[in-house]
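In the numbering used here, the protein residues as written are 1 to 190.
Ideal placement from N, C-alpha and C gives every residue a C-beta, glycine not left out.
To start, the structure itself, in structure tokens.
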Amino acid sequence: PLPESYFESPTVNEMPTSAVSVRLAWIILVLLCKLDSKANFYNDTALSYLFLANNLQFVGKKVCATSLKCLLGDDWTVKLDRKVKLYAANYELMAWNKVFSCLPEKSQEDMSPDTVKTYFRQFKAAFDEAYRKQKSWVVPDGKFRDDIKLSIKSKLVPVYREFYSTHIDVLKGDRTLKLVRFSPDNLGNY
């Protein structure tokens, strides 16, 4: 039998589920399980989460664009959308956590110039690595891609902007340009 969690909609429990709905739900469940197993082939955990988010988002989009939505129900699509968001959040965490960890949680004005340089240096290296690795990764759906970019930007840029504006004056000289490659606005564009 189909797992109970697959049909937790109150409307489904009140009326009998058609045989066609059950068969289609099984086929889609098998497809989703196969996608889940394919994600294990990626060596990079962040990429496997992005793979799952991309593919589940695609399945959900196709279900909503066809009569399958009537057969599977609104609750099914809501659950799938929650999974897509969870996978996208896991992707962000796995792919960008190292970059986030290179900035202090609270920007303190009394940091030494050497400490500030270390933070900027570590941030630049971590960001360059994440950017280089991920610039070839693809999110085919434009809206979904923009949502992911906006989510990362909204978390990263404000923290960087606070650190940058508090400590950029501590660094002086030509080496500053090499050390501080990004202004907050440039970082947002990347």
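8 Å contact criterion, which residue i and residue j should meet: CB distance rounded
i             : j            : result
valine 84     : alanine 46   : That belief does not hold up - the Cβ atoms of valine 84 and alanine 46 are roughly 16 Å apart, past 8 Å.
leucine 80    : valine 59    : 7 Å
glycine 188   : valine 139   : Between valine 139 and glycine 188 the Cβ distance is about 18 Å, and since that is not below 8 Å, they are no contact.
serine 151    : glutamate 92 : 6 Å
isoleucine 28 : alanine 88   : Wrong, their Cβ atoms sit about 20 Å apart, outside the cutoff.
Contacting residues, own chain, Cβ-Cβ under 8 Å from residue i (five flanking each side not counted)
i              : result
leucine 103    : Tyr119, Phe123, Val159, Tyr160 and Phe163
alanine 130    : Ala95, Trp96, Lys98 and Val99
leucine 32     : Leu56 and Val59
lysine 38      : Phe51
tryptophan 137 : Leu47 and Leu50
tyrosine 190   : Phe127, Tyr131 and Phe182
Residue range of the alpha helix (DSSP H) that includes residue i
i                 : result
phenylalanine 41  : No alpha helix (DSSP H) contains phenylalanine 41, which DSSP labels as neither H nor E.
phenylalanine 144 : 142-167
aspartate 134     : According to the sequence provided, residue 134 is glutamine. The question's aspartate does not apply to it. Residues 113-134.
valine 138        : Valine 138 -> no alpha helix (DSSP H), and no H or E assigned at all.
glutamate 92      : 74-101
proline 184       : 184-189
Residues near residue i by beta carbon distance below 7 Å, same chain, minus five either side
i             : result
valine 63     : Lys69, Leu72 and Thr77
glutamate 109 : Thr166
valine 170    : Pro113 and Val116
proline 184   : Val157, Tyr160, Arg161 and Tyr164
proline 10    : With a pLDDT of 41 at proline 10, under the threshold of 50, the modelled position of this residue cannot be trusted; read the value that follows with caution. Cβ neighbours of proline 10 beyond the five flanking positions: none.
Spatial neighbours of residue i in its chain, beta-carbon cut-off 6 Å, leaving aside the 5 residues before and after
i                 : result
valine 180        : Phe120
asparagine 90     : Tyr49
phenylalanine 144 : Gln57
Any non-hydrogen atom of the ligand FMN within 7 Å of residue i CB
i             : result
asparagine 54 : Because no ligand of any kind appears in the structure shown, any question about the ligand FMN cannot be addressed here.
*Check whether the stretch 124-132 touches the stretch 91-103, taking contact to mean three or more Cβ pairs, one atom from each stretch, closer than 8 Å.*
yes
*asked:* Using 8 Å as the cut-off, can you tell me whether the stretch 67-82 makes contact with the stretch 36-46, which would need three or more C-beta pairs spanning the two stretches below that distance?
replied: no
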